[in-house]
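Chains as they are written, first to last, in the numbering used here: chain A, 530 to 957; chain B, 107 to 362. Cβ coordinates follow ideal geometry from the N, Cα and C atoms, glycine included. Report on the structure given below.
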Amino acid sequence: MRALSASPSPLSALNRGPLAYVLLTAYLLLATVLLLTNTRTSLSTDILFILFLLGFLLIYRARVAGLYKLVLGAVMLLVVVPYFGAQNAYYIELAIQAGIFVALALGLNVVVGFAGLLDLGYVAFFAVGAYLWGIFSTDQAGQFLSGFTALPADSFYLFLALGLFVGAFFGALLGLPVLRLRGDYLAIVTLGLGEVIRVLAVNLDRPVNITNGSQGIKSIARPPLPEVMRTLLPGLSDPQLYQLLIYLMGLLVVGLSIFIVYRLKNSRIGRAWEAIREDETAAIAMGVPLVRMKLLAFAVGASFAGAMGVLFAAKQQFINPPTFDLLRSIGILSMVILGGMGSIPGAILGGMLVTLLDLQILPRIATELGALKRQGIVIPDWFDPVQYQRALFGLLLIIMMIFRPEGIMPDQRRSEEMHSGEPAKPSQ
Amino acid sequence: MLLHAQNVTKTFGGLVAVNDVSLTVEPGSIVSVIGPNGAGKTTFFNVLTGIYKPTSGRIVFDGEDITGLRPDQITQRGIARTFQNIRLFNNMTVLENVLVGMHGRLHAGLWGSIFLTPAVRSEEQQARRRAFELLAFVGLERKPGELAKNLPYGDQRRLEIARAMATQPKLILLDEPTAGMNPQETSEAIHLIRRLRDELGITVILIEHDMRVVMTISERVTVLDYGAKIAEGKPEEIRSNPQVIEAYLGRGAVVA
Numbered sequence: 530m531r532a533l534s535a536s537p538s539p540l541s542a543l544n545r546g547p548l549a550y551v552l553l554t555a556y557l558l559l560a561t562v563l564l565l566t567n568t569r570t571s572l573s574t575d576i577l578f579i580l581f582l583l584g585f586l587l588i589y590r591a592r593v594a595g596l597y598k599l600v601l602g603a604v605m606l607l608v609v610v611p612y613f614g615a616q617n618a619y620y621i622e623l624a625i626q627a628g629i630f631v632a633l634a635l636g637l638n639v640v641v642g643f644a645g646l647l648d649l650g651y652v653a654f655f656a657v658g659a660y661l662w663g664i665f666s667t668d669q670a671g672q673f674l675s676g677f678t679a680l681p682a683d684s685f686y687l688f689l690a691l692g693l694f695v696g697a698f699f700g701a702l703l704g705l706p707v708l709r710l711r712g713d714y715l716a717i718v719t720l721g722l723g724e725v726i727r728v729l730a731v732n733l734d735r736p737v738n739i740t741n742g743s744q745g746i747k748s749i750a751r752p753p754l755p756e757v758m759r760t761l762l763p764g765l766s767d768p769q770l771y772q773l774l775i776y777l778m779g780l781l782v783v784g785l786s787i788f789i790v791y792r793l794k795n796s797r798i799g800r801a802w803e804a805i806r807e808d809e810t811a812a813i814a815m816g817v818p819l820v821r822m823k824l825l826a827f828a829v830g831a832s833f834a835g836a837m838g839v840l841f842a843a844k845q846q847f848i849n850p851p852t853f854d855l856l857r858s859i860g861i862l863s864m865v866i867l868g869g870m871g872s873i874p875g876a877i878l879g880g881m882l883v884t885l886l887d888l889q890i891l892p893r894i895a896t897e898l899g900a901l902k903r904q905g906i907v908i909p910d911w912f913d914p915v916q917y918q919r920a921l922f923g924l925l926l927i928i929m930m931i932f933r934p935e936g937i938m939p940d941q942r943r944s945e946e947m948h949s950g951e952p953a954k955p956s957q
Numbered sequence: 107m108l109l110h111a112q113n114v115t116k117t118f119g120g121l122v123a124v125n126d127v128s129l130t131v132e133p134g135s136i137v138s139v140i141g142p143n144g145a146g147k148t149t150f151f152n153v154l155t156g157i158y159k160p161t162s163g164r165i166v167f168d169g170e171d172i173t174g175l176r177p178d179q180i181t182q183r184g185i186a187r188t189f190q191n192i193r194l195f196n197n198m199t200v201l202e203n204v205l206v207g208m209h210g211r212l213h214a215g216l217w218g219s220i221f222l223t224p225a226v227r228s229e230e231q232q233a234r235r236r237a238f239e240l241l242a243f244v245g246l247e248r249k250p251g252e253l254a255k256n257l258p259y260g261d262q263r264r265l266e267i268a269r270a271m272a273t274q275p276k277l278i279l280l281d282e283p284t285a286g287m288n289p290q291e292t293s294e295a296i297h298l299i300r301r302l303r304d305e306l307g308i309t310v311i312l313i314e315h316d317m318r319v320v321m322t323i324s325e326r327v328t329v330l331d332y333g334a335k336i337a338e339g340k341p342e343e344i345r346s347n348p349q350v351i352e353a354y355l356g357r358g359a360v361v362a
């Protein structure tokens with residue numbers, strides 16, 4: 530059951546002392562070399578890419594010095610991925626998408642995992658961030674603010690920060706009407722509020738054109754390329770540099786999100802959230818102000834989505850309402866649940882895993898099946914692999930929930946965090 | 107006086123759960139509220155701690171009118187409580203449960219927590235130290251890392267008291283603190299309740315069914331029946347009060 534945990538197993542002998550360093554470094558080197566020598570999009574590269582990403586899990590689990598982990602992680606994220614991405618744009622796009630959803634999963638994890646507030650309209654805050662940059666980086670804002678023209682592209686950085694606060698504001702705003710609701714009622718109302726935002730995006734083109742309705746907003750500005758990047762990487766074309774820049778920005782937001790959620794989780798605020806999740810009545814009787822703490826959870830959770838929305842708009846350069854539908858909210862929720870509710874590593878893993886499944890693994894399976902079919906291997910006609918992608922994803926979720934309902938990497942800080950004289954009791 | 111409830115009434119639709127009850131508690135005393143099942147004792151506690159707003163009546167605590175304040179505001183002013191059916195934060199550790207109790211006494215805000223400022227850091231350390239003191243006081247200092255749900259029953263009751271103490275109360279309301287305990291555990295609980303008052307100077311109100319406990323530790327006893335106060339006085343007066351005996355045993359019991 531706990532295959533990924535560090536509990537005593539034959540493998541734990543390998544994860545000890547200098548051997549851990551050697552094996553970890555060797556694995557990462559091998560994965561990197563194999564990846565960089567197979568840069569064409571193909572089944573084998575897909576597998577190598579996943580093995581490479583698995584390296585991050587190993588870094589996390591390995592018993593090596595924290596600084597060494599940091600260096601390895603930084604090299605992989607800042608050197609290997611961009612270098613590989615420069616050879617094959619598809620994979621860096623994948624990495625960007627994964628980054629976006631990791632940040633969203635981390636944010637939703639604050640609301641659902643920490644504070645126990647089931648929010649089914651989370652994508653609304655992502656939309657708010659995206660429209661924020663979409664509207665103000667194009668002439669769209671001129672439609673309702675007379676004389677306004679597109680902001681210069683370099684205000685992107687300001688808006689990335691602004692996205693945090695606008696996201697937080699909307700988070701608290703949509704949190705207000707649901708403060709008194711719990712459980713299923715809360716889920717239904719947040720679902721409705723999420724849809725309200727999407728429907729507003731569709732319909733706010735009349736009487737005043739704010740969102741440009743279902744046509745969406747085109748030619749959204751990208752952040753300007755810093756000259757440093759051009760001079761440092763002269764071999765890369767502009768589209769490649771733009772992608773790299775977006776990737777780095779995404780990494781920045783994800784890093785910031787991870788830092789913030791770790792700090793909050795282990796603070797007075799994190800404890801209050803957890804207490805609310807465990808028992809609202811007891812929490813308020815112990816002096817935890819429910820309203821303030823719930824609004825704070827909604828705001829903090831929404832802030833990451835707001836910032837990522839800004840980045841998403843800049844990456845896509847085009848946004849329209851269907852991107853922000855209910856299915857997207859549910860997808861993010863499935864990341865949190867799959868990873869393990871309330872667990873930060875779990876949310877990161879869940880975000881990456883679901884994104885990879887969605888964009889890489891399942892389409893790849895479909896392609897391969899299609900190829901087999903063309904070669905004459907009998908696959909019944911009613912089974913169109915492309916059509917069954919979502920079904921396969923659902924099946925995976927169901928299997929997960931049966932065999933590991935607590936998620937892949939459930940929160941297990943408790944046993945590790947406590948260093949209080951007595952050796953911690955083996956928790957399971 | 108520390109607490110003065112004046113003519114408190116609480117109705118749920120047509121049901122009068124608490125009917126015109128007045129109660130005065132002197133600082134440093136141990137007071138019991140007793141009564142048959144459904145007499146409105148727990149509802150009365152819920153009104154005192156702000157979980158319910160009284161339909162009418164006034165509650166004055168420590169010279170301040172606290173009627174209609176939210177539970178967290180009342181806790182902030184110095185009333186703590188435990189619950190009849192233990193309500194710990196089950197999936198949090200023993201230590202964390204106590205730390206949550208300190209919420210209102212700590213000041214770390216959003217930015218302080220994110221940047222882990224020196225002030226927040228030292229506040230956290232102090233809070234942990236104090237939490238360990240409280241755990242030592244109730245005898246749980248050897249189990250800080252245990253999840254609350256994994257504690258044995260008696261320890262859970264003790265942890266609830268430690269958590270309530272973490273709010274730094276002047277008055278603590280204990281809702282059936284010895285329910286479900288064996289005689290050994292009960293006498294330990296009595297000892298602990300005495301120490302709350304004697305060593306820490308905290309005023310105690312308890313709801314209790316075990317008459318031995320009530321008669322042993324309370325200085326005054328208030329009896330509720332059908333939501334109304336039917337008697338009040340010293341334990342020995344209550345013991346021989348015909349109305350109380352009738353409420354518990356039914357009409358005719360006194361004569362027989």
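The Cβ-Cβ distance between A/Val610 and A/Ile625 does not fall below 8 Å. Among the residues of the region 123-157 of chain B, those with a Cβ less than 9 Å away from any Cβ of chain A are Thr155, Gly156, Ile157, in the order of the chain.
Put simply, the CB of B/Pro258 is far from chain A, with every gap to its CB atoms at 8 Å or more. For B/Leu312, the uninterrupted beta strand (DSSP E) run begins and ends at 309-313, by DSSP.
Residue environment: A/Trp662 is assigned as buried (16 or more neighbouring CB atoms within 10 Å of its CB, all protein chains considered). A contact is defined here as three or more CB-CB pairs under 8 Å, and the region 823-838 of chain A meets this definition with respect to the region 699-712 of chain A. Against B/Arg187, the close residues of chain A are Ala814, in the order they occur along the chain (beta-carbon pairs closer than 7 Å). Counting only runs of 3+ residues, the beta strand (DSSP E) found wholly inside the region 253-314 of chain B occupies 277-281, 309-313, in chain order. The shortest CA-to-CA distance from A/Leu633 to any of A/Ile739, A/Met758, A/Val652 is the one to A/Val652. The region 214-221 of chain B makes contact with the region 782-802 of chain A: 3 or more CB pairs, one atom from each, lie closer than 8 Å. In the DSSP assignment, B/Gln112 is bridged to B/Arg164. Nearest CB-CB separation between A/Ser786 and chain B: not below the 8 Å threshold.
Taking 8 Å as the cut-off, the Cβ atoms of B/Leu109 and B/Leu240 do not count as close. For the pair of segments examined, the region 709-729 of chain A was found to touch the region 849-860 of chain A: the number of CB pairs separated by less than 8 Å reaches three.
Within 7 Å of the CB of B/Glu202, the CB atoms of chain A belong to Arg800, in sequence order along the chain. By the Cβ criterion, the region 633-645 of chain A is in contact with the region 860-880 of chain A, since at least three pairs of Cβ atoms, one from each stretch, lie closer than 8 Å. The beta-carbon of A/Leu596 is placed no less than 8 Å from the nearest beta-carbon of chain B.
Nearest to B/Arg345 by alpha-carbon distance, out of B/Asn152, B/Thr173, B/Ser324, B/Ile136, is B/Ser324. Our two residues, A/Tyr660 and A/Gly636, have alpha carbons roughly 19 Å apart in a direct line. Proximity of B/Ala225 to chain A, defined by a Cβ-Cβ separation below 8 Å, is not satisfied. Listed along chain B, the residues sitting closer than 7 Å to A/Arg797 by beta-carbon distance are His209, Leu212, Ala214, Ser219. Around the beta-carbon of A/Met864, 16 or more other beta-carbon atoms lie within 10 Å, marking it buried. A contact between stretches requires three or more CB pairs, one per stretch, nearer than 8 Å, and the region 252-269 of chain B fails this requirement with the region 174-182 of chain B. The beta-carbon of A/Arg792 is placed less than 8 Å from the nearest beta-carbon of chain B. The C-beta separation of A/Ile629 from A/Leu781 comes to about 12 Å, leaving the pair out of contact by the 8 Å criterion. Per the coordinates, the alpha-carbon of B/Ala285 lies some 10 Å from the alpha-carbon of B/Ile313.
Residues Gly628, Val631, Ala632 of the same chain have their beta carbon placed closer than 6 Å to that of A/Val783, with the five preceding and five following residues left out of the count.
Counting of Cβ neighbours within 10 angstroms places B/Lys159 among the exposed residues, the total staying below 16. The residues Leu637, Val640, Val641, Thr719, in chain order, have a CB closer than 7 Å to that of A/Asp648 in the same chain once the five nearest residues on each side in sequence are set aside. B/Val327 has B/Ser138, B/Gly339 as its beta-bridge partners, per DSSP.
For B/Arg187, the enclosing beta strand (DSSP E) stretches over residues 185-187. Here the C-alpha atom of A/Glu803 lies approximately 55 Å from the C-alpha atom of A/Gln904.
Per DSSP, the unbroken beta strand (DSSP E) holding B/Asn125 starts and ends at 121-131. In the three-state DSSP reduction, A/Glu809 falls in the helix class (H, G or I). Judged by DSSP secondary structure, B/Gln232 falls within the alpha helix (DSSP H) whose first and last residues are 224-244. Distance from the CA of A/Tyr556 to the CA of A/Leu586, rounded to the nearest whole angstrom, comes to 12 Å.
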